[in-house]
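Engineer: Taken in sequence, the protein lines are chains A and B. Residues in the first sequence are numbered from 413 upward in steps of one, following our numbering. Residues in the second sequence are numbered from 413 upward in steps of one, following our numbering. To start, I am sharing the structure in question, which I have written as structure tokens.
Number of protein chains: 2
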Amino acid sequence: MTLRDIGEFGLIERIHARFGGNPPAEPAAEPAAAPAAQTPSSKVHPAPSSSAALGIGDDCAVIERPGDLLELVTTDLLIEDSHFLRDAIDPRQLGRKSLAVNLSDVAAMGGRPRAAFLSLALPGEIELDWVDAFLEGVDERLSESGVELLGGDTTRSKGLIVIQFTILGDVERSHLKLRSAAQPGDIICVTDSIGDSGGGLQALLDGVERTPAVEQLVRKHLDPRPHLAEGAWLGSCRGVHAMIDLSDGLESDIRRIMERSHCGAEIEVSQLPISSELQEVSAEHRWSAWELAVGGGEDYALLCSVAPDLYQEIAEGYRHGLGGELHAVGRVTADGVGNDPVYLYEGRRVDPTRRGFDHFRSE
Amino acid sequence: MTLRDIGEFGLIERIHARFGGNPPAEPAAEPAAAPAAQTPSSKVHPAPSSSAALGIGDDCAVIERPGDLLELVTTDLLIEDSHFLRDAIDPRQLGRKSLAVNLSDVAAMGGRPRAAFLSLALPGEIELDWVDAFLEGVDERLSESGVELLGGDTTRSKGLIVIQFTILGDVERSHLKLRSAAQPGDIICVTDSIGDSGGGLQALLDGVERTPAVEQLVRKHLDPRPHLAEGAWLGSCRGVHAMIDLSDGLESDIRRIMERSHCGAEIEVSQLPISSELQEVSAEHRWSAWELAVGGGEDYALLCSVAPDLYQEIAEGYRHGLGGELHAVGRVTADGVGNDPVYLYEGRRVDPTRRGFDHFRSE
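Encoded structure:
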């Protein structure tokens with residue numbers, strides 16, 4: 413029997429069975445790997461036997477430390493041809509993006525990233541210009557984020573580029589946001605328009621004409637911004653319960669909240685924040701903008717659930733503090749364990765069409 | 413221009429130039445990648461701009477933390493066909509070894525490993541038996557070492573297995589041992605017989621007859637033991653100055669001490685601890701046991717430099733506390749910056765034959 417026969421969930425189940433803890437719920441659907449896409453890989457945070465760690469099955473592992481701060485750790489492995497194609501992404505953007513997706517995991521816990529470690533395997537025949545541009549992208553993103561590169565290792569590979577980041581961060585004990593903390597009645601919010609990255613990927617796959625709006629979507633896909641200030645700000649709000657970053661798409665990521673919080677979710681798709689660029693390009697090419705918003709991944713906005721009585725106050729503070737909107741897009745419901753998220757369009761139920769992806773089965 | 417043209421040192425120089433700090437001295441020689449060998453990759457610890465980190469260019473990055481303990485972080489990336497061949501190492505041993513070499517880095521700082529994160533990329537066609545045996549090996553080594561697996565990620569690869577460990581550990585502030593702390597006059601010591609792993613690799617490469625002595629050398633090569641108790645014990649000794657683990661061989665690793673401590677080194681090869689098995693197999697096959705001890709890598713014993721006036725006391729305490737020998741094999745000298753280590757055989761200078769290896773140039 414091979415790995416493909418049991419799929420990724422089977423592998424994660426096996427790891428959990430061996431290293432302790434209950435198996436996690438089935439991983440949510442992920443967007444299909446595509447030329448310019450970095451398919452996020454599945455996080456495994458088995459339950460440890462000691463009480464040293466919290467946040468099992470979350471964006472980061474959480475480690476108990478003396479003092480007010482908890483430590484956050486996240487690791488991610490990106491492999492050429494599985495997560496990116498060398499010819500489809502500019503190396504500077506690859507450097508920026510491969511770091512950004514990891515920083516986003518720390519933001520999703522309400523914390524701040526502090527230190528990065530980069531393991532890099534490169535084939536000997538790679539052009540130095542490529543290496544320099546990649547490092548430049550990493551450097552830019554580190555500087556923008558106030559994160560230091562403290563170490564790592566370099567090694568030779570026979571052909572494929574492998575990029576691995578480990579990020580250490582910290583979060584004040586009272587600011588930690590877990591996927592498991594959503595409560596029925598909570599307002600579901602997102603910190604940015606969503607679907608742009610999915611639209612950008614679609615544009616790349618379809619090779620559509622590069623209008624300014626298309627360029628903007630492609631840029632959002634290739635160079636996503638980790639919502640660090642937003643994550644830290646939302647972390648400081650008591651009324652923010654659960655949080656996650658939108659790496660795999662609303663459909664997939666809301667399921668992770670549902671599984672960990674044992675709740676359901678209703679999304680009012682007319683309230684999904686769709687950028688004017690996505691509206692324009694979707695109209696032009698007859699795409700469904702809301703299906704891209706629901707099913708497309710890699711927006712790296714944050715999704716959080718907010719106590720309903722505190723939502724107005726928090727949204728106002730967010731607007732004043734960060735200059736953006738905390739978009740309310742639905743609510744957490746009590747029922748729904750094992751169910752699908754419910755999508756409503758002006759009160760009428762609708763169904764998204766994109767579903768289901770498993771790393772090992774879909775090769 | 414390609415990466416091969418500038419070699420691994422050129423790459424590391426570039427990373428240092430970009431991310432701060434002085435370029436490190438040229439990386440020491442490493443053993444050639446071979447069928448069953450895991451060629452250790454080169455650690456990059458650029459100097460950070462803040463004072464949050466010590467131990468630049470050492471086995472681990474060292475991060476300042478509140479309280480008595482400093483945090484240690486090490487990461488390592490192993491790629492099939494570059495670091496191991498799937499058919500040449502048993503998956504259980506691969507699991508044990510890939511973790512062991514990382515734990516050894518923490519021991520070399522005088523610390524204790526606490527938590528491990530495993531990123532694993534596997535091709536869909538891999539047999540589940542392989543996966544299970546690999547995880548079993550990881551699990552065994554974790555249990556033996558008192559280390560918890562706290563997270564990581566799994567992903568699909570197209571063909572090659574990629575294994576990446578990040579290890580977090582800690583060390584009491586006063587126990588931290590750096591490569592830069594050797595002082596002229598110090599006694600150079602090793603915590604075990606050396607050369608066995610190199611002999612085991614040679615036996616595998618030559619396909620020699622598997623006598624019991626050969627089996628023992630091969631076992632030392634395929635399943636090295638990280639010297640965790642030894643590292644923690646030596647960490648607690650004030651008279652122990654510099655420490656490093658013997659991953660790349662005495663010749664390479666003593667150079668790292670010399671570079672970081674701005675000193676020289678004399679090794680008395682008649683004092684190198686050579687196991688009876690290596691003596692027997694070397695005699696049988698006309699290998700030079702001492703050249704294997706000097707040039708062969710992957711012993712994962714610790715090498716440390718000890719204040720001469722405290723050596724007797726420390727060696728005695730080591731014998732009582734750990735039941736083994738702290739073998740004196742040479743001494744640190746004042747001169748030697750930019751020089752080679754000096755090898756003496758009963759006072760007469762000799763030269764080892766194995767030198768030089770660069771990841772990117774020797775493909």
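Even glycine gets a Cβ: it sits at the ideal position worked out from N, Cα and C. None of the values given here were measured: they were computed from a predicted structure.
Where does the unbroken alpha helix (DSSP H) through S569/A begin, and where does it stop?
Structural biologist: Here S569/A belongs to no alpha helix (DSSP H); instead the beta strand (DSSP E) covers 560 to 569.
Engineer: Shorter than 8 angstroms from the beta carbon of I666/B to some beta carbon of chain A?
Structural biologist: Answer no: the Cβ-Cβ gap between I666/B and chain A never drops below 8 angstroms.
Engineer: Can you tell me the Cβ-Cβ gap for I573/B and E671/B, rounded? I've got them flagged as a contact below 8 angstroms.
Structural biologist: Their Cβ separation, rounded to whole angstroms, is 33 angstroms, which puts I573/B and E671/B out of contact at 8 angstroms.
Engineer: I'd like to check one pair, S569/B with A533/B: are the Cβ atoms closer than 8 angstroms?
Structural biologist: The answer is yes: Cβ separation under 8 angstroms.
Engineer: If we define contact as Cβ-Cβ less than 8 angstroms, is L423/B a contact residue for chain A?
Structural biologist: Chain A contact via Cβ: present.
Engineer: Does DSSP put M413/A in a helix, in a strand, or in coil?
Structural biologist: If DSSP states are grouped into helix, strand and coil, M413/A belongs with coil.
Engineer: Quick one: list the residues of chain B neighbouring I475/A, beta-carbon separation under 8 angstroms, in chain order.
Structural biologist: Those are A527, L562, L580, listed as they occur along chain B.
Engineer: Please classify R622/A: does DSSP put it in a helix, a strand, or coil?
Structural biologist: Of the three classes helix, strand and coil, the one that applies to R622/A here is coil, per DSSP.
Engineer: Sort S516/B, V583/B, G607/B by Cα distance to S700/B and report the nearest one.
Structural biologist: Ranking S516/B, V583/B, G607/B by Cα distance to S700/B puts G607/B first.
Engineer: Pick out whichever of D598/A, A625/A, G611/A, R631/A has its Cα sitting closest to the Cα of G661/A.
Structural biologist: Ranking D598/A, A625/A, G611/A, R631/A by Cα distance to G661/A puts G611/A first.
Engineer: Going straight from the alpha carbon of G523/B to that of Y712/B, what length do you get?
Structural biologist: Cα to Cα, the separation comes out at about 15 angstroms.
Engineer: For S688/A, is the classification buried or exposed, using 16 other Cβ atoms within 10 angstroms of its Cβ as the cut-off for buried?
Structural biologist: Exposed.
Engineer: Identify the contact partners of F431/A in chain B, using a Cβ-Cβ distance below 7 angstroms as the criterion.
Structural biologist: Under the 7 angstroms cutoff, chain B gives D551, L561.
Engineer: So S531/A and T487/B are in contact, right, with Cβ under 8 angstroms, and what is the actual spacing, rounded?
Structural biologist: Between T487/B and S531/A the Cβ distance is about 5 angstroms, and since that is below 8 angstroms, they are a contact.
Engineer: Have a look at H697/A and G619/A and give me their C-alpha separation to the nearest angstrom.
Structural biologist: Near 11 angstroms, if we compare the C-alpha coordinates of G619/A and H697/A.
Engineer: CB-CB under 8 angstroms to S609/B, same chain, minus the five flanking residues each way: which ones, in chain order?
Structural biologist: Answer for S609/B: L629, K632, H633, P636, G708, G709, E710, D711, Y712, listed in chain order.
Engineer: Indicate the three-state DSSP secondary structure (helix, strand or coil) for Q505/A in the structure shown.
Structural biologist: It is helical.
Engineer: Tell me, please, which residues DSSP counts as bridged to P535/B.
Structural biologist: Answer is S569/B, bridged to P535/B.
Engineer: Does the beta carbon of L640/B sit closer than 8 angstroms to a beta carbon anywhere in chain A?
Structural biologist: Answer no: the Cβ-Cβ gap between L640/B and chain A never drops below 8 angstroms.
Engineer: Are there three or more Cβ pairs, one per stretch, closer than 8 angstroms when the segment 584 to 600 of chain A is compared with the segment 713 to 723 of chain A?
Structural biologist: The answer is yes - the segment 713 to 723 of chain A touches the segment 584 to 600 of chain A, with three or more Cβ pairs under 8 angstroms.
Engineer: Taking 8 angstroms as the CB-CB limit, is K570/B close to chain A?
Structural biologist: Yes, K570/B counts as interfacial toward chain A.
Engineer: From the DSSP secondary-structure annotation, give me the bridge partner or partners of Q576/B.
Structural biologist: In DSSP, Q576/B forms a bridge with L489/B, S531/B.
Engineer: Please compile the residues from chain A whose C-beta is within a distance smaller than 7 angstroms of the C-beta of D608/B.
Structural biologist: Going along chain A, no residue has its Cβ under 7 angstroms from D608/B, so there is no contact; the nearest lies around 24 angstroms.
Engineer: I'd like to know whether the C-beta of P447/A is nearer than 8 angstroms to at least one C-beta of chain B.
Structural biologist: Reliability of the predicted coordinates at P447/A is poor, the pLDDT of 38 falling under 50, and the value obtained from them is presented with this limitation in mind. Not closer than 8 angstroms to any Cβ of chain B, the Cβ of P447/A fails to qualify, so no.
Engineer: From R430/A to L484/B, what distance separates their C-alpha atoms?
Structural biologist: Those two C-alpha atoms are separated by around 26 angstroms.
Engineer: Exposed or buried, what is E420/B when buried is set at 16 or more other beta-carbons lying within 10 Å of its beta-carbon?
Structural biologist: Classification for E420/B: buried.
Engineer: Give the list of continuous beta strand (DSSP E) stretches no shorter than 3 residues that lie fully inside the segment 696 to 764 of chain A.
Structural biologist: The qualifying runs are 714 to 718, 739 to 745, 754 to 757, 760 to 762.
Engineer: How is E678/B classed by DSSP in three states: helix, strand or coil?
Structural biologist: Strand, per DSSP.
Engineer: What is the rounded straight-line gap between the Cα of D657/A and the Cα of F577/A?
Structural biologist: Distance between the alpha carbons of D657/A and F577/A is about 17 angstroms.
Engineer: Can you find at least 3 beta carbon pairs, one from the segment 547 to 562 of chain B and one from the segment 512 to 523 of chain B, that sit closer than 8 angstroms?
Structural biologist: Taking 8 angstroms as the limit for Cβ pairs, the verdict is that the segment 512 to 523 of chain B does touch the segment 547 to 562 of chain B.
Engineer: Using the Cα positions of L613/A and G676/B, report the straight-line distance between them to the nearest angstrom.
Structural biologist: Each residue's Cα considered, the two are about 57 angstroms apart.
Engineer: Counting only the same chain and skipping the five closest in sequence on each side, list residues whose C-beta sits under 6 angstroms from that of L690/B.
Structural biologist: Around L690/B: G607, D608, G611, A701.
Engineer: Determine which residues of the segment 506 to 517 of chain B have a Cβ less than 7 angstroms from any Cβ of chain A, and write them out in chain order.
Structural biologist: Result list empty, no residue passes.
Engineer: If S494/B and P638/B are in contact, beta carbons under 8 angstroms, what's the gap, nearest whole angstrom?
Structural biologist: The Cβ separation is near 22 angstroms, so there is no contact.
Engineer: Which chain B residues are close to V543/A, counting only those with a beta carbon under 8 angstroms from its beta carbon?
Structural biologist: Under the 8 angstroms cutoff, chain B gives L415, L423, R426.
Engineer: Report back the beta-carbon spacing between S673/B and E758/B to the nearest angstrom; my notes put them in contact at under 8 angstroms.
Structural biologist: Contact doesn't hold; Cβ gap of about 26 angstroms is too wide.
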